[in-house]
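Visitor: According to this note's numbering, the sequence shown holds residues 138 to 805 in order. Backbone N, C-alpha and C define an ideal beta-carbon position, used for all residues, glycine too. Only a predicted model underlies this, so the values are computations on that prediction, with no experimental measurement involved. I am attaching a structure below and will ask some questions about it afterwards.
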Amino acid sequence: MAYGTEIGIPSLTPTPRKDVGTILRETQGALQQLETANRSQTQMPLRLVGWSAILIAALLILQSLAAMADLFGSGHHLRVPELGTINGTLILLCGLAMLPERNQNSTAVKIAMLSICILTTIGAIILNGAVSALFLTSMFVLVHIMLTPYRALWFSIGTLLLIIPISNYFLDYEGQYLITRFVIGGLVTLIIMQVLMRFISGTNSKIITVTENLSKLALQLDEELLQSNQARDTATMTDTTTGLLNSFGFETAIRQALSEQPYSRRRFLLALNFQRLEEFNAIMSANERTFILQCLVARIRDMVGADALIARTGRDDFSILLAHAEVDDSQMMHSIRTIQDVLRRPLLSTSSTILPSPAIGVSVWPEDSEDATELLNRAEVALQRAYGVKEGLPVRYQKHMHDEHIDQRTLSTDITAAINLDEFEMYYQPILDLQTGKLRKAEALIRWNHPTRGFLMPARFIPLAEASGQIIPITDWVLDHVLIQLRNFIENISPDFQISINMPAAYLEYCVENEAKMLGRLLAMQIPPRALIVEITEGSLLNMTPELLRFLGILESIGFQLAMDDFGVGFSNLSQLERLPLSYLKIDKSFVDGIEGSMQKLAICRAIVRIGHELGIRVVAEGIESTGQEKLLHEAGCDFGQGYLFAQPMPAEDFASFITDHSPLKNP
């Protein structure tokens, strides 16, 4: 069944804060900038060049001053001795210009300095002769700290090739001899500086290689992080077991889908729960549970079509946004019932037959709500109502359900106060021996005298207590009051009287976890153990762990008796009956109702009696309301009866008088 367009998982809005991926990307950019800088500038930084220029300028000025002193002292033939001082002063100014921060990225000062070096050197040779070439060594040092080794080499060679013909033209033999000495000194300086600068350049080359590797690593880390973020986003949005959307992903997806949906096109939202599937999960292996879950998901996909949006919102809970369909409510609810019928079909695992019991709540956009979260909540409200529908049909959300849901939540909150304020009361319903008509035992039943709502029956609040976990303190309260009352009955009326008390599956698990405490509590009341009958439901059979079975065995060995309540209405597992130390089976009221006109129900009751007796277990029939029912059950061999025919549940005070009137037997 296809209902519309396919909706994908929406993209998540990035968080405003800087994450690791952003930091890595910025680091990558910085490394790339560093790489570019290293490739283009293997010489010294401009500021260091400036300080070096200042030092060399000082040496040139001193050399020039020495030459001027020699001129005045010995009449040396230098014609323009001030040229060295001018040269050094210009280089000094260039060096000082390199020091400020603002010039660190400029090459203009370097070009000016090179021009000064070239012009003053050539001018010195022309005007002063060979002695002026003494500046050549300082100039080569300066050039190497200003340029890359490759450029400095060609600049130095070019300078030498220019100086040699000039000296040949303007200088005599003595001058050429001096210039040759200076050229040799310059070549030695050139070789030393080339070796030194190429070593530095080689080191820089290694740094560049490392930088390249770091840049590649940053790229890889960035890519890995992006993939990891995508995987994290997917994990945040989806259920790992089924691959479906999870609660967060589903709410995000339907919010996007509904924002793009025209108001004229309605959308149906389903909240789906497989009731009692948890009980089967308790007796299945992990592989079987996964297999059953995959089968259910496959069924859902087949029925709702690829265009629907499906999510697993809990262990046994699913939400489905059906695609748009041009149908009215009645037609759509009929389609949803068809989906439910298919999902209800039995599933076969390796160890048992699974009977899914799907409950479905339905809300409609935009009538029920235009907000995605509220629409989900209202589908859940309808689902809660669907749990109580006998026919198991899907339930369409109605406005009055919201108020009732709030009322249920308020009532659930009131339970805690009811325990503390002692608002609960214990009522007792007689259980008679059908063969003798004598009163043999009674069942303890809780009632709630609510301060504003009045007298509440268990069906009104026990499901709420089980859902919220409050069933454990309630059962604790019941057990304490029943044990006290039972001791009074035994002391004042009959030492052989028995009272049965219902223990939910959750409370039995609590007993196992607190075994020593619970056994001590039961024995501290100083009553005969056989006076207390512990009733469990068939649902407890499916959760029967070795630890729980051992605990029930301990109770039986001490003398407490065990009864199975509502036998036949759950998922019967007859093999468990042999393992459990049962004393009683209780036939559910649904089989007793109409027994006079139904051969099938009578046959079921007879079969339960026969099974119980063959296993050495006595049978109690619940809900007897007519003498005809009593007669048929008596003829079927049923041991005990309970129902309005004999008496309604009554407070402890009234029950004490009722016991006296019926004179219980001394030897049950």
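1. Taking C-alpha atoms, which residue in I328, L230, C742, A793 lies nearest to F634?
2. Rounded to the nearest angstrom, how far is the Cβ of I638 from that of A581, given a contact under 8 Å?
3. Determine the burial state of N424: buried for a count of at least 16 other Cβ atoms within 10 Å of its Cβ, exposed for fewer.
4. Mind checking N410: buried by the 16 CB within 10 Å criterion, or exposed?
5. Taking 8 Å as the cut-off, does the region 735-752 touch the region 539-553 (at least 3 CB pairs, one atom from each stretch)?
6. Given E759, which residues of its chain have a CB within under 6 Å of its CB, disregarding the five upstream and five downstream residues?
7. Can you tell me which residues form a DSSP beta bridge with G442?
8. By Cβ distance, which residues of its chain are closer than 7 Å to Q178, with the 5 residues on each side in sequence left out?
9. Just list the residues that DSSP pairs F592 with in beta bridges.
10. Measure the C-alpha to C-alpha separation of Q622 and S494 and round it to an integer number of angstroms.
11. Where does the unbroken alpha helix (DSSP H) through S727 begin, and where does it stop?
12. In chain order, what are the residue ranges of uninterrupted beta strand (DSSP E) at least 3 long that sit wholly in the region 612-673?
13. Is it buried or exposed for Q698, if we count other Cβ within 10 angstroms and need 16 for buried?
14. Is E507 helix, strand or coil by DSSP?
15. Nearest to D454 by CA position, among E517, L256, G442, Y564, is which residue?
16. Just to confirm, is the Cβ distance from L429 to R438 under 8 Å?
17. Using beta-carbon positions only, say whether M812 and P531 come within less than 8 Å of one another.
18. Do the CB positions of Q477 and I497 come within less than 8 Å of each other?
19. Helix, strand or coil for Q398, going by three-state DSSP, please let me know.
20. Measuring only the C-alpha atoms, how far is A784 from F592?
21. Would you give the residue range spanned by the beta strand (DSSP E) that G380 belongs to?
22. Compute the distance between the beta-carbons of P567 and F795, then report whether it is under 8 Å.
23. Taking Cβ positions, are A445 and A460 nearer each other than 8 Å?
24. Can you grab the Cα-Cα spacing for the pair L513 / L381, in whole Å?
25. Considering only C-alpha positions, which residue in the set E767, G696, V280 is nearest to V729?
26. With P666 and G696 assumed to form a contact (beta carbons below 8 Å), what rounded beta-carbon distance in angstroms separates them?
27. Hey, out of S456, L433, K536, whose CA is closest to S384's CA?
28. What does the Cβ neighbour count give for I732, buried or exposed, with the cut at 16 atoms within 10 Å?
29. The alpha helix (DSSP H) spanning M469 covers which residue range?
30. Where does T797 sit, in a helix, a strand or coil, going by DSSP?
31. Between which two residues does the beta strand (DSSP E) containing G498 stretch?
32. Have a look at the DSSP bridge pairing and note the partners of V532.
33. So what's R455 in DSSP terms, helix, strand or just coil?
34. Distance, Cα to Cα, K536 vs D505?
35. Whole angstroms is fine: what's the gap from L685's alpha carbon to A700's?
Guide: This is what the structure gives:
1. As a first step, residue 634 is located in the sequence shown; it is residue number 497 there, counting from the start. F634 has its Cα closest to that of A793, out of I328, L230, C742, A793.
2. Counting from 1 along the sequence shown, the entry for residue 638 is found at position 501. Counting from 1 along the sequence shown, the entry for residue 581 is found at position 444. Yes, they are in contact, since the Cβ atoms of I638 and A581 sit about 5 Å apart, within 8 Å.
3. Here residue 424 is taken as the residue at index 287 of the sequence shown, counted from 1. When all chains shown are included, N424 counts as exposed.
4. Within the sequence shown, residue 410 is the residue found at index 273, counting from 1. Buried.
5. no
6. For this step, residue 759 is matched to residue 622 along the sequence shown. Excluding positions up to five away in sequence, the list reads K723, K726, Q779.
7. As a working note, residue 442 is residue 305 in the sequence shown. The partner list for G442 (beta bridge, DSSP) is empty, contrary to what the question assumes.
8. In the sequence shown, the residue the question calls residue 178 occupies position 41. Note on Q178: pLDDT 45, under 50, position unreliable in the model; the coordinate value appears next. Nothing meets the Cβ criterion.
9. Position 455 of the sequence shown, counting from 1, holds the residue named residue 592. According to DSSP, F592 bridges with N586.
10. Along the sequence shown, read from residue 1 onward, the residue named residue 622 stands at position 485. Along the sequence shown, read from residue 1 onward, the residue named residue 494 stands at position 357. So the alpha carbons of these two residues sit roughly 40 Å apart.
11. By 1-based counting over the sequence shown, the position of residue 727 is 590. First-last of the alpha helix (DSSP H) with S727: 726-729.
12. 635-639
13. Here residue 698 refers to the residue found at position 561 of the sequence shown. The residue in question, Q698, is buried, as its Cβ has 16 or more Cβ neighbours within 10 Å.
14. Counted from its first residue, the sequence shown places residue 507 at position 370. DSSP places E507 in coil when its eight states are reduced to three.
15. As a position in the sequence shown, residue 454 is number 317, starting the count at 1. Selected option, being the one with the closest Cα: E517.
16. Here residue 429 refers to the residue found at position 292 of the sequence shown. Here residue 438 refers to the residue found at position 301 of the sequence shown. Inspection of the sequence shows that residue 429 is occupied by Ile rather than by Leu. Their beta carbons are not under 8 Å apart, which means I429 does not touch R438 by this criterion.
17. Limits of the chain in this structure are 138 at one end and 805 at the other, which puts residue 812 out of reach.
18. Counting from 1 along the sequence shown, the entry for residue 477 is found at position 340. Counting from 1 along the sequence shown, the entry for residue 497 is found at position 360. Yes; because the gap between Cβ atoms is below 8 Å, this pair is in contact.
19. Taking the sequence shown and counting its residues from 1, the one referred to as residue 398 is at position 261. Q398 falls in the coil class under three-state DSSP.
20. One-based indexing of the sequence shown puts residue 784 at position 647. One-based indexing of the sequence shown puts residue 592 at position 455. Answer to the nearest angstrom: the Cα atoms are 19 Å apart.
21. Your numbering for residue 380 matches position 243 in the sequence shown. No beta strand (DSSP E) holds G380; DSSP gives it neither H nor E.
22. The sequence position of residue 567 within the sequence shown is 430, counting from 1. The sequence position of residue 795 within the sequence shown is 658, counting from 1. Against a cut-off of 8 Å, the Cβ pair of F795 and P567 comes out as a contact.
23. Here residue 445 refers to the residue found at position 308 of the sequence shown. Here residue 460 refers to the residue found at position 323 of the sequence shown. Yes, Cβ-Cβ distance for A445 and A460 is below 8 Å.
24. Position 376 of the sequence shown, counting from 1, holds the residue named residue 513. Position 244 of the sequence shown, counting from 1, holds the residue named residue 381. Cα to Cα, L513 sits roughly 17 Å from L381.
25. Counted from its first residue, the sequence shown places residue 729 at position 592. With distances taken between Cα atoms, V729 lies closest to E767.
26. Here residue 666 corresponds to residue number 529 of the sequence shown, with the count starting at 1. Here residue 696 corresponds to residue number 559 of the sequence shown, with the count starting at 1. With 8 Å as the limit, P666 and G696 qualify as a contact, their Cβ atoms being about 3 Å apart.
27. Working through the sequence shown from its first residue, we reach residue 384 at position 247. Ranking S456, L433, K536 by Cα distance to S384 puts S456 first.
28. Numbered from its first residue, the sequence shown carries residue 732 at position 595. Buried, by the Cβ-count rule.
29. Numbered from 1 along the sequence shown, position 332 holds the residue referred to as residue 469. 466-480 is the extent of the alpha helix (DSSP H) around M469.
30. If you number the sequence shown from 1, residue 797 lands on position 660. Helix.
31. Residue numbering aside, residue 498 sits at position 361 when the sequence shown is read from its first letter. Unbroken beta strand (DSSP E) run through G498: 494-502.
32. Here residue 532 is taken as the residue at index 395 of the sequence shown, counted from 1. According to DSSP, V532 bridges with G498.
33. Residue 455 sits at position 318 when you count from the first residue of the sequence shown. Looking at the sequence provided, one finds Phe at residue 455 rather than Arg. Here F455 sits in strand by DSSP.
34. Taking the first residue of the sequence shown as 1, we reach residue 536 at position 399. Taking the first residue of the sequence shown as 1, we reach residue 505 at position 368. K536 and D505: Cα-Cα distance of roughly 8 Å.
35. As a first step, residue 685 must be located in the sequence shown, where it is residue number 548. As a first step, residue 700 must be located in the sequence shown, where it is residue number 563. C-alpha separation (whole angstroms): 15 Å.
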